[in-house]
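A quick write-up on the structure given underneath.
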Amino acid sequence: MNYDGSYRSSPLFSDVDVIVKARLERVEMQMLDKLVEGLGHLGIVTTTNKALGEVMIQTTKHCWPDLKKAIEQMPFEIEFI
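For what it's worth, this note's numbering labels the leading residue of the sequence shown as 193, then goes sequentially.
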């Protein structure tokens, strides 16, 4: 663990973290957050630009396929950027 509590630069964990940027309608951001929060262990959503509907999804390489599938089944349009 780094001094700041992160694992980012550690070679041990550099292979597991996945950061996915996405864009969706602003009114649907809360629905995405609740979906990912409800799935608990699959990832975390952070809003990076609320006005533009941009979010960052932090997950792992192992969990990303399941999380992406769940997100794509939601009744809203999301663009992965």
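Glycine residues also receive a C-beta, built at the ideal position from the N, C-alpha and C atoms.
Identity of the residues DSSP links to residue i by a beta bridge
i      : result
ALA243 : Note: ALA243 sits in no beta bridge, so no partner.
LEU216 : ILE270
ILE263 : None, per the DSSP bridge assignment.
VAL210 : THR251
VAL237 : ILE249
Own chain partners of residue i with C-beta closer than 7 Å, once the 5 adjacent residues on each side are dropped
i      : result
LEU234 : VAL228, THR251, CYS255, ASP258, LEU259
VAL210 : THR251, THR252, LYS253, TRP256
Contacting residues, own chain, Cβ-Cβ under 8 Å from residue i (five flanking each side not counted)
i      : result
THR240 : LYS213, GLU246, VAL247, MET248
CA-to-CA distance, residue j to residue i, given in whole angstroms
i      : j      : result
ARG215 : MET266 : 14 Å
ALA243 : VAL208 : 30 Å
THR238 : LYS261 : 19 Å
LYS253 : LEU231 : 16 Å
VAL219 : ASP225 : 11 Å
GLU264 : MET221 : 14 Å
ILE236 : MET223 : 13 Å
Presumed contact (8 Å Cβ cut-off) between residue i and residue j, rounded CB distance
i      : j      : result
PHE268 : GLU217 : 7 Å
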